[in-house]
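Asks:
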Amino acid sequence: MGREWRRGPTLGRGSSAVVSLATASSSGEAFAVKSAELSRSGPLRREQKILSGLSSPYVVSYIGFDITEEEATAAIFHYYNLFIEYAPGGSLSDEIKRRGGRLDEDAVRSRAWQILRGLAYLHERGVAHCDVKGQNVLIGADGRAMIADLGCARSVTDDDDDDDGDDDGVTYGCSRIRLRGTPMFMAPEVVRGDEQGTAAADVWALGCTVIEMATGGAPWPDLSDPIAALHHIAFSSDVPESPRWMSEEGKDFLSRCLRRDPEERWTAEQLLQHPFMRRKRSLTLDQGFWATLEEEDSEEFEIANTEQIPIPTIDIRTDINSVMPAKSPRGDLRSRLGVGRRLGDGENGRLSGNRNRRESRGGCKE
Numbered sequence: 001m002g003r004e005w006r007r008g009p010t011l012g013r014g015s016s017a018v019v020s021l022a023t024a025s026s027s028g029e030a031f032a033v034k035s036a037e038l039s040r041s042g043p044l045r046r047e048q049k050i051l052s053g054l055s056s057p058y059v060v061s062y063i064g065f066d067i068t069e070e071e072a073t074a075a076i077f078h079y080y081n082l083f084i085e086y087a088p089g090g091s092l093s094d095e096i097k098r099r100g101g102r103l104d105e106d107a108v109r110s111r112a113w114q115i116l117r118g119l120a121y122l123h124e125r126g127v128a129h130c131d132v133k134g135q136n137v138l139i140g141a142d143g144r145a146m147i148a149d150l151g152c153a154r155s156v157t158d159d160d161d162d163d164d165g166d167d168d169g170v171t172y173g174c175s176r177i178r179l180r181g182t183p184m185f186m187a188p189e190v191v192r193g194d195e196q197g198t199a200a201a202d203v204w205a206l207g208c209t210v211i212e213m214a215t216g217g218a219p220w221p222d223l224s225d226p227i228a229a230l231h232h233i234a235f236s237s238d239v240p241e242s243p244r245w246m247s248e249e250g251k252d253f254l255s256r257c258l259r260r261d262p263e264e265r266w267t268a269e270q271l272l273q274h275p276f277m278r279r280k281r282s283l284t285l286d287q288g289f290w291a292t293l294e295e296e297d298s299e300e301f302e303i304a305n306t307e308q309i310p311i312p313t314i315d316i317r318t319d320i321n322s323v324m325p326a327k328s329p330r331g332d333l334r335s336r337l338g339v340g341r342r343l344g345d346g347e348n349g350r351l352s353g354n355r356n357r358r359e360s361r362g363g364c365k366e
């Protein structure tokens with residue numbers, strides 16, 4: 001098959017995939033590609049299934065997918081490749097490091113608002129992210145924060161136990177619990193195994209991410225042993241401590257996120273109306289602008305203390321030949337790449353209400 005895209009430098013490595021910078025051969029447009037061996041591509045295939053039906057300025061954009069074959073050490077390997085929007089600003093965790101180890105309150109407020117917009121969009125469409133944290137929020141070329149890495153995400157329309165063979169379980173006591181997410185960011189009910197993959201758990205993780213932005217570290221800094229930390233999160237009456245320097249509004253916002261009872265946690269939509277978030281709107285823009293934004297669901301946004309990030313020159317290292325027949329997906333870059341077809345954008349049900357939280361129990365499938 002013709003060379004439709006080229007793999008560039010490695011951007012990062014996760015537990016299930018390698019992320020590389022890539023370019024379309026015909027146009028030179030940059031995008032990111034997440035690749036995994038086909039036999040271990042369950043998380044990527046699930047991410048493609050969910051991401052292909054989404055379209056929001058606050059969720060990283062889906063471009064397409066394909067399967068390639070590469071030769072290494074006299075053997076042929078097949079790889080599943082997921083194409084997504086390239087975010088030259090790196091992750092939110094990277095941004096925190098660039099700014100001296102923590103963000104000021106205006107920046108925390110702005111980033112939290114953008115993440116909440118993304119979560120509200122996902123929850124409205126019946127999708128729980130299951131692993132919200134700074135590393136899974138990317139910063140685009142325009143400075144916008146976007147939710148990314150939906151490899152652990154769960155849709156309420158999933159009917160099967162989509163086990164891909166990747167064992168991410170945690171040994172706890174004499175039993176092994178299958179958990180999805182990052183332990184220090186997990187809600188108590190998730191650690192206990194009562195509920196998995198809910199909007200309420202995403203809101204708890206958002207609160208933990210606000211603490212990460214404000215302090216430069218994960219919540220529960222005094223709990224260094226992972227198993228002891230899981231036990232404490234699951235069965236104590238404690239919640240992560242709010243940063244002392246935050247305003248009273250900021251601390252109250254965190255308290256709405258970090259309720260141990262998931263039924264008492266505010267939803268993403270409710271948190272967008274919290275005074276801590278609404279105060280952001282009066283910083284530089286008038287209320288009339290924001291009313292228009294909400295009515296028209298505009299893709300405009302306001303970003304505090306961010307800069308335009310240039311897309312770097314790409315050092316091409318490897319050509320990858322597609323072994324999939326060309327498709328005609330929506331979008332210019334998808335069409336030029338000839339990658340997997342984008343799915344429809346139909347709504348899959350809500351996940352933000354308490355009733356649906358109870359109905360959506362089950363593992364964050366992988």
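If you count the sequence shown from 1, position 93 lands on 93 in the UniProt record's numbering, and the numbers rise without skipping. Here a beta-carbon is modelled for each residue, glycine too, at the ideal position from N, C-alpha and C.
With DSSP as the reference, label P9 as helix, strand or coil.
Replies: In the sequence shown, residue 9 corresponds to position 9, counting from 1. Correct three-state label for P9: strand.
Asks: Cα-Cα, which of S52, T182, S39 and H78 is closest to T209?
Replies: For the purposes of this step, residue 209 is taken as residue 209 along the sequence shown, with counting starting at 1. With distances taken between Cα atoms, T209 lies closest to T182.
Asks: Could you check whether the Cβ of H232 sits closer than 9 Å to any Cβ belonging to chain D?
Replies: Absent from the structure: chain D. Only one protein chain is present.
Asks: Using only the alpha-carbon positions, how far apart do T306 and G143 sit?
Replies: Residue mapping note: residue 306 aligns to position 306 of the sequence shown, counting from 1. Residue mapping note: residue 143 aligns to position 143 of the sequence shown, counting from 1. Note that T306 scores 45 on pLDDT, short of 50, meaning its location in the model is unreliable and no value can be drawn from it.
Asks: Quick check on this structure: which residue in S16, G140, A87 and I67 has the alpha carbon closest to the alpha carbon of Y79?
Replies: Translated into positions along the sequence shown, residue 79 becomes position 79. Closest by alpha carbon: I67.
Asks: Would you kindly check if the distance between the Cβ of A32 and the Cβ of E105 is under 9 Å?
Replies: Residue mapping note: residue 105 aligns to position 105 of the sequence shown, counting from 1. Residue mapping note: residue 32 aligns to position 32 of the sequence shown, counting from 1. In this structure, A32 does not lie closer than 9 Å to E105 by Cβ.
Asks: So, with DSSP's three-state summary, where would you put D66?
Replies: What you label residue 66 is simply residue 66 of the sequence shown in a count that begins at 1. Looking at D66 - three-state DSSP - the assignment turns out to be strand.
Asks: E263 by DSSP, collapsed to three states: which one?
Replies: One-based indexing of the sequence shown puts residue 263 at position 263. E263: helix per DSSP, three-state reduction.
Asks: Which term fits P219, buried or exposed, when burial requires 16 or more other beta carbons within 10 angstroms of its beta carbon?
Replies: Your numbering for residue 219 matches position 219 in the sequence shown. The residue in question, P219, is buried, as its Cβ has 16 or more Cβ neighbours within 10 Å.
Asks: Using 8 Å as the Cβ pair cut-off and three pairs as the minimum, do the segment 116 to 132 and the segment 56 to 74 touch?
Replies: Per the Cβ contact rule, the segment 116 to 132 is in contact with the segment 56 to 74 (3 or more Cβ pairs under 8 Å).
Asks: According to the Cβ coordinates, are E4 and S26 closer than 9 Å?
Replies: Numbered from 1 along the sequence shown, position 4 holds the residue referred to as residue 4. Numbered from 1 along the sequence shown, position 26 holds the residue referred to as residue 26. In contact: E4 and S26 (Cβ atoms closer than 9 Å).
Asks: So, for S155: in the same chain, excluding its five sequence neighbours on each side, which residues have a beta-carbon less than 7 Å away from its beta-carbon?
Replies: Counted from its first residue, the sequence shown places residue 155 at position 155. Excluding sequence neighbours, S155 sits near I50, G126, V127 and N348.
Asks: What residue from E264, P262, D261 and C257 has the CA that sits closest to M277's CA?
Replies: Here residue 277 refers to the residue found at position 277 of the sequence shown. If we check each option's Cα against that of M277, C257 comes out closest.
Asks: Take V191 as the anchor and find which of G90, D202 and F235 has the nearest alpha-carbon.
Replies: Reading the sequence shown from its first residue, position 191 is the one you call residue 191. Among G90, D202 and F235, the Cα nearest to that of V191 belongs to F235.
Asks: Consult DSSP for F31 and reduce its assignment to one of helix, strand or coil.
Replies: Mapped onto the sequence shown, residue 31 falls at position 31. Strand, per DSSP.
Asks: Determine the direct distance from the alpha carbon of A200 to that of V132, and round the result to whole angstroms.
Replies: Your numbering for residue 132 matches position 132 in the sequence shown. Your numbering for residue 200 matches position 200 in the sequence shown. In a straight line, the C-alpha of V132 is about 12 Å away from that of A200.
Asks: Just curious, the beta strand (DSSP E) that F77 is in, first and last residue?
Replies: For the purposes of this step, residue 77 is taken as residue 77 along the sequence shown, with counting starting at 1. Going by DSSP, F77 is part of the beta strand (DSSP E) stretching over A75 to I84.
Asks: If G14 sits next to G89, beta carbons under 8 Å apart, how far is it from one beta carbon to the other, in whole angstroms?
Replies: Locating residue 14 in the sequence shown gives position 14, counting from the first residue. Locating residue 89 in the sequence shown gives position 89, counting from the first residue. So it is not a contact: roughly 18 Å between Cβ atoms.
Asks: Among the residues of its own chain, which have a CB less than 8 Å from the CB of Q270, if the five just before and after it don't count?
Replies: Within the sequence shown, residue 270 is the residue found at index 270, counting from 1. Hits under 8 Å: R256.
Asks: E37 by DSSP, collapsed to three states: which one?
Replies: One-based indexing of the sequence shown puts residue 37 at position 37. Looking at E37 - three-state DSSP - the assignment turns out to be strand.
Asks: Around the C-beta of L283, are 16 or more other C-beta atoms found within 10 angstroms, so that it is buried, or is it exposed?
Replies: The sequence position of residue 283 within the sequence shown is 283, counting from 1. Because the pLDDT at L283 is just 40, under 50, the model does not fix this residue reliably, and the value given afterwards should be weighed accordingly. Label assigned to L283: exposed.
Asks: Compare the C-alpha of D96 against each of I147, G151, M213 and P9 and name the closest.
Replies: Locating residue 96 in the sequence shown gives position 96, where the first residue counts as 1. Residue identity check: residue 96 is Ile in the sequence provided, not Asp. Here the closest residue by C-alpha is M213.
Asks: In this structure, how does DSSP classify S110 when only helix, strand and coil are distinguished?
Replies: Within the sequence shown, the letter at position 110 stands for residue 110. The answer is helix: DSSP assigns S110 an H, G or I state.
Asks: In chain order, what residues of the same chain lie with their CB nearer than 8 Å to the CB of P310, ignoring the 5 residues before and after it?
Replies: Within the sequence shown, residue 310 is the residue found at index 310, counting from 1. Because P310 carries a pLDDT of 45, less than 50, the predicted location of this residue cannot be relied on, and the following value inherits that uncertainty. Cβ neighbours of P310 beyond the five flanking positions: P88 and A141.
Asks: Work out the CA separation of T215 and R244 for me, nearest whole Å.
Replies: As a first step, residue 244 must be located in the sequence shown, where it is residue number 244. As a first step, residue 215 must be located in the sequence shown, where it is residue number 215. Approximately 10 Å, taken between the alpha carbons.
Asks: Does DSSP put A87 in a helix, a strand or coil?
Replies: One-based indexing of the sequence shown puts residue 87 at position 87. It is coil, neither helix nor strand.
Asks: Within this structure, are the beta carbons of V60 and A148 separated by less than 9 Å?
Replies: Residue numbering aside, residue 60 sits at position 60 when the sequence shown is read from its first letter. Residue numbering aside, residue 148 sits at position 148 when the sequence shown is read from its first letter. For V60 and A148, yes; Cβs fall inside 9 Å.
Asks: Going by DSSP in three states, V60 sits in which element: helix, strand or coil?
Replies: Looking up residue 60 in the sequence shown gives position 60. In the three-state DSSP reduction, V60 falls in the coil class, being neither helix nor strand.
Asks: Can you tell me which of the three DSSP states R154 falls into?
Replies: Here residue 154 refers to the residue found at position 154 when the sequence shown is read from its first residue. The answer is strand: DSSP assigns R154 an E or B state.
Asks: Quick one: what's I147 bridged to in DSSP?
Replies: As a working note, residue 147 is residue 147 in the sequence shown. For I147, which the question treats as bridged, DSSP gives the partners V59 and V137.
Asks: Please state whether DSSP places S236 in a helix, a strand or coil.
Replies: As a working note, residue 236 is residue 236 in the sequence shown. Coil, per DSSP.
Asks: In whole angstroms, what is the alpha-carbon distance linking residue 374 and L38?
Replies: The structure shown does not extend to residue 374, since the chain is modelled only from 1 through 366, so no value can be given for it.
Asks: Do E249 and R279 have their CB atoms nearer than 9 Å?
Replies: As a first step, residue 249 is located in the sequence shown; it is residue number 249 there, counting from the start. As a first step, residue 279 is located in the sequence shown; it is residue number 279 there, counting from the start. Taking 9 Å as the Cβ cut-off, E249 and R279 qualify as a contacting pair.
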